[in-house]
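Chains A and B supply the protein sequences, listed in that same order. For what it's worth, my numbering labels the leading residue of the first sequence as 49, then goes sequentially. For what it's worth, my numbering labels the leading residue of the second sequence as 18, then goes sequentially. Notes to accompany the following structure.
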Amino acid sequence: SVTKRAVADAAQHDKVPRPVGFVPPPPPCPGKILHFDI
Amino acid sequence: VPAAPPAPLGCDDPESVAAAEVAVNYINGHSHHGYKFALNIIKDIHVVHQGPNNDLIFLELDLLETRCPILSPTPLENCTVRSFAEHAVEGDCDVKLQKVDGTLSVLASKCHSHADSSEDIRKVCPGCALLASLNNTEVLETVSAALNDYNSKTTDSYLRLLEIGRAKIQYHPVHSVVTEFAVGATNCSAEEAKANAGACQLLPEDQSNFGFCTAVMVKHPSQDLQVDCQLYGHQVPAPHTPLLSWRQDTS
Numbered sequence: 049s050v051t052k053r054a055v056a057d058a059a060q061h062d063k064v065p066r067p068v069g070f071v072p073p074p075p076p077c078p079g080k081i082l083h084f085d086i
Numbered sequence: 018v019p020a021a022p023p024a025p026l027g028c029d030d031p032e033s034v035a036a037a038e039v040a041v042n043y044i045n046g047h048s049h050h051g052y053k054f055a056l057n058i059i060k061d062i063h064v065v066h067q068g069p070n071n072d073l074i075f076l077e078l079d080l081l082e083t084r085c086p087i088l089s090p091t092p093l094e095n096c097t098v099r100s101f102a103e104h105a106v107e108g109d110c111d112v113k114l115q116k117v118d119g120t121l122s123v124l125a126s127k128c129h130s131h132a133d134s135s136e137d138i139r140k141v142c143p144g145c146a147l148l149a150s151l152n153n154t155e156v157l158e159t160v161s162a163a164l165n166d167y168n169s170k171t172t173d174s175y176l177r178l179l180e181i182g183r184a185k186i187q188y189h190p191v192h193s194v195v196t197e198f199a200v201g202a203t204n205c206s207a208e209e210a211k212a213n214a215g216a217c218q219l220l221p222e223d224q225s226n227f228g229f230c231t232a233v234m235v236k237h238p239s240q241d242l243q244v245d246c247q248l249y250g251h252q253v254p255a256p257h258t259p260l261l262s263w264r265q266d267t268s
C-alpha cells in the first residue's frame with residue numbers, strides 16, 4: 049500500500065533573513081528609461 | 018552535474034546596450050522616410066546560443082522620434098528627441114541580431130511607430146498644438162504656399178517637395194499650422210522654373226541634394242507665413258556665382 053507522508057512547507061524566500069543593507073538586484077528587464085515614458 | 022546555464026542578460030547590461038545601439042543605427046540607416054529615432058527603453062532581450070561564439074539576440078526596443086530628418090547628415094547623438102509636449106512619436110521595434118566572434122549584425126527588424134495619444138498631451142499641456150494628418154487640407158495648403166514662397170525668393174536651385182514629415186495645427190490662442198517637409202534640389206534655378214517648372218527634374222539621389230523646410234502659417238487673428246529651408250549640401254551654382262561661394266548656408 050502507498051502512504052503519503054506529511055512534508056513541511058517549503059521555506060518562502062522572502063522569509064529568509066536578509067543581511068542588513070541587502071539591495072535586491074534590479075529586474076533584468078525592462079531597462080531604464082533614457083528619455084521619458086510615453 | 019552539468020554547469021548551470023548563464024544568467025539571463027539584463028536589459029541594462031553593457032552587452033545589451035551595445036546590441037541596441039547596433040539595432041538603432043541599422044533601423045535609421047534603412048529608413049528613407051520621416052525622422053531619425055533614438056533609443057528610449059530596452060524592453061526585453063533574449064539570447065539563443067547557436068554554438069561557440071555564436072548567439073542569436075532578440076531585442077524589443079522602445080524608440081523616440083528625434084528632430085533630425087532621416088536624410089540629415091547630423092549624427093544621431095546630436096539629434097534632440099522630441100519632447101512630450103511636442104506630441105512625441107514612439108517606435109516599437111523587434112530586432113533580431115547575430116553575434117559571431119563578438120561582431121554584431123542585424124538579421125531582421127520590424128518597427129511600428131505611433132504618436133502619443135492626444136488625450137495624454139492635453140492632460141499635461143491643454144494649449145499645445147497636436148499632430149495633424151499629413152493629408153489635412155490646411156497642412157497641404159501651408160506646405161504648398163511655403164514652398165512657392167521660398168522658390169519665389171531664392172536665387173538658388175528650384176526646390177521640389179519630397180514628403181511632408183510632420184504637421185501640427187493649433188487653434189487657440191492663435192490659429193496656426195506648423196509643418197516640416199523634405200525637399201529636393203532640381204536641375205533648374207528658381208528663375209528658370211518660373212518659365213516652366215514642369216521641366217525641372219530632381220537631381221540624382223545624393224544627400225547633398227536634399228534639404229528640409231519648416232513653415233509656420235498663422236491664419237488668425239492675422240495672416241502670416243514664415244518658411245525656412247536648410248539644404249544639406251551643394252546648390253546648383255548660378256552661372257555668375259563663383260564656385261566657392263555657393264557652399265554658403267541658404268537658411
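Beta carbons are placed, not taken as given, at the ideal position from N, Cα and C, and that holds for glycine. Every value quoted in this text rests on a predicted model; they were computed, and no experiment measured them.
Could you list which residues in chain B have their beta carbon closer than 9 Å to that of P72(A), in chain order? The sequence position of residue 72(A) within the first sequence is 24, counting from 1. Within chain B, no residue comes near P72(A); the closest Cβ sits about 13 Å away, beyond 9 Å.
In the DSSP assignment, find the unbroken alpha helix (DSSP H) run with N45(B) in it and report its ends. One-based indexing of the second sequence puts residue 45(B) at position 28. Here the alpha helix (DSSP H) through N45(B) covers 31 to 46.
Counting only beta-carbon separations shorter than 8 Å, does P67(A) have a partner in chain B? Here residue 67(A) is taken as the residue at index 19 of the first sequence, counted from 1. So no, P67(A) is outside the interface.
Cβ-based burial, S89(B) [other Cβ within 10 Å; buried from 16]: Taking the second sequence and counting its residues from 1, the one referred to as residue 89(B) is at position 72. S89(B) comes out buried.
By the three-class DSSP mapping on this structure, what secondary structure does D72(B) have? On the second sequence, residue 72(B) is found 55 positions in, with the first residue counted as 1. Strand at D72(B).
Among I138(B), G51(B), N168(B), R177(B), which one has its Cα closest to the Cα of A102(B)? The residue labelled residue 102(B) in the question sits at position 85 within the second sequence. For A102(B), the nearest C-alpha among the options comes from I138(B).
Under 8 Å: do the stretch 69 to 76 of chain B and the stretch 101 to 120 of chain B share three or more Cβ pairs, one atom per stretch? yes
Min CB distance C28(B) to chain A below 8 Å: For the purposes of this step, residue 28(B) is taken as the residue at position 11 of the second sequence. Judged by the 8 Å Cβ criterion, C28(B) is in contact with chain A.
Just verifying my parser: in three-state terms, what is the DSSP assignment at T159(B)? Position 142 of the second sequence, counted from the start, is the residue given in the question as residue 159(B). It is helical.
Residues that N57(B) contacts on chain A, provided the C-beta gap is smaller than 7 Å: Here residue 57(B) corresponds to residue number 40 of the second sequence, with the count starting at 1. Correct list: I81, L82, H83.
Examine chain A for any beta-carbon lying closer than 8 Å to the beta-carbon of V98(B), and answer yes or no. Locating residue 98(B) in the second sequence gives position 81, counting from the first residue. By this cut-off, V98(B) is an interface position.
Label R183(B) either buried or exposed according to how many other C-beta atoms from any shown protein chain fall within 10 Å of its C-beta, with 16 as the threshold for buried. Locating residue 183(B) in the second sequence gives position 166, counting from the first residue. With 16 or more Cβ atoms within 10 Å of its Cβ, R183(B) is classed as buried.
Return the bridge partner residues of K53(B) from the DSSP annotation. For this step, residue 53(B) is matched to residue 36 along the second sequence. DSSP output for K53(B) lists no bridge partner at all.
Residues sharing a beta bridge with T83(B), DSSP: Here the question's residue 83(B) lines up with position 66 in the second sequence. DSSP lists V98(B) as partners of T83(B).
Is S134(B) buried or exposed, if buried means 16 or more other CB atoms sit within 10 Å of its CB? The residue labelled residue 134(B) in the question sits at position 117 within the second sequence. So S134(B) ends up on the exposed side.
Could you run through the stretch 104 to 136 of chain B and flag, in chain order, every residue whose CB is less than 7 Å away from some CB of chain A? A105, E107, D133
Assuming the contact rule is C-beta atoms closer than 8 Å, I87(B) and G79(A) should be a hit. Round their C-beta distance to whole Å, please. Working through the second sequence from its first residue, we reach residue 87(B) at position 70. Working through the first sequence from its first residue, we reach residue 79(A) at position 31. Not really, about 25 Å apart at Cβ, beyond 8 Å.
Buried or exposed: where does S100(B) fall if 16 or more other Cβ atoms within 10 Å of its Cβ makes it buried? In the second sequence, residue 100(B) corresponds to position 83, counting from 1. When all chains shown are included, S100(B) counts as exposed.
For the beta strand (DSSP E) holding K52(A), just list the boundary residues, first then last. For the purposes of this step, residue 52(A) is identified with residue 4 of the first sequence, where counting begins at 1. Unbroken run through K52(A): none, as it is neither H nor E.
Return the CA-CA distance between T267(B) and Q247(B), expressed in angstroms with no decimal places. For this step, residue 267(B) is matched to residue 250 along the second sequence. For this step, residue 247(B) is matched to residue 230 along the second sequence. A caution first: T267(B) carries a pLDDT of 34, below 50, which makes its placement in the model too unreliable to give a value.
Over the uninterrupted alpha helix (DSSP H) stretch that includes E136(B), give me the two end residues. Here residue 136(B) is taken as the residue at index 119 of the second sequence, counted from 1. Looking at the DSSP string, the run of the alpha helix (DSSP H) that includes E136(B) is 135 to 141.
Do you know how far the Cα of P25(B) is from the Cα of P76(A)? For the purposes of this step, residue 76(A) is taken as the residue at position 28 of the first sequence. For the purposes of this step, residue 25(B) is taken as the residue at position 8 of the second sequence. Going from the Cα of P76(A) to the Cα of P25(B) covers about 8 Å.
Three-pair Cβ contact test at 8 Å for the stretch 228 to 237 of chain B versus the stretch 198 to 211 of chain B: yes
Cβ separation of T171(B) and A207(B), assumed to be a contact under 8 Å, to the nearest whole Å: Translated into the one-based positions of the second sequence, residue 171(B) becomes position 154. Translated into the one-based positions of the second sequence, residue 207(B) becomes position 190. About 5 Å; that satisfies the 8 Å criterion.
Take the Cβ of A163(B) as the centre, count every other Cβ of all protein chains shown within 10 Å, and call the residue buried at 16 or more, exposed below. The residue you call residue 163(B) lines up with position 146 of the second sequence. With 16 or more other Cβ atoms within 10 Å, it is buried.
Compare the C-alpha of V191(B) against each of A20(B), Q240(B), G119(B), I44(B) and name the closest. Taking the second sequence and counting its residues from 1, one reaches residue 191(B) at position 174. Of A20(B), Q240(B), G119(B), I44(B), the residue nearest in Cα terms is Q240(B).
If contacts are defined as beta-carbon pairs under 8 Å, then S193(B) and M234(B) qualify, I think. What distance do you get, rounded to the angstrom? Position 176 of the second sequence, counted from the start, is the residue given in the question as residue 193(B). Position 217 of the second sequence, counted from the start, is the residue given in the question as residue 234(B). With a Cβ gap of about 7 Å, S193(B) and M234(B) count as contacting.
Classify T171(B) as helix, strand or coil using the three-state DSSP reduction. For the purposes of this step, residue 171(B) is taken as residue 154 along the second sequence, with counting starting at 1. Here T171(B) sits in coil by DSSP.
Which two residues bound the contiguous alpha helix (DSSP H) that contains N213(B)? Counting from 1 along the second sequence, the entry for residue 213(B) is found at position 196. Start and end: 207 to 213.
Suppose you measure from the CA of E280(B) to the CA of S130(B); what does that come to, to the nearest Å? Beyond the ends of chain B as shown, which are 18 and 268, falls residue 280(B); an answer cannot be given.
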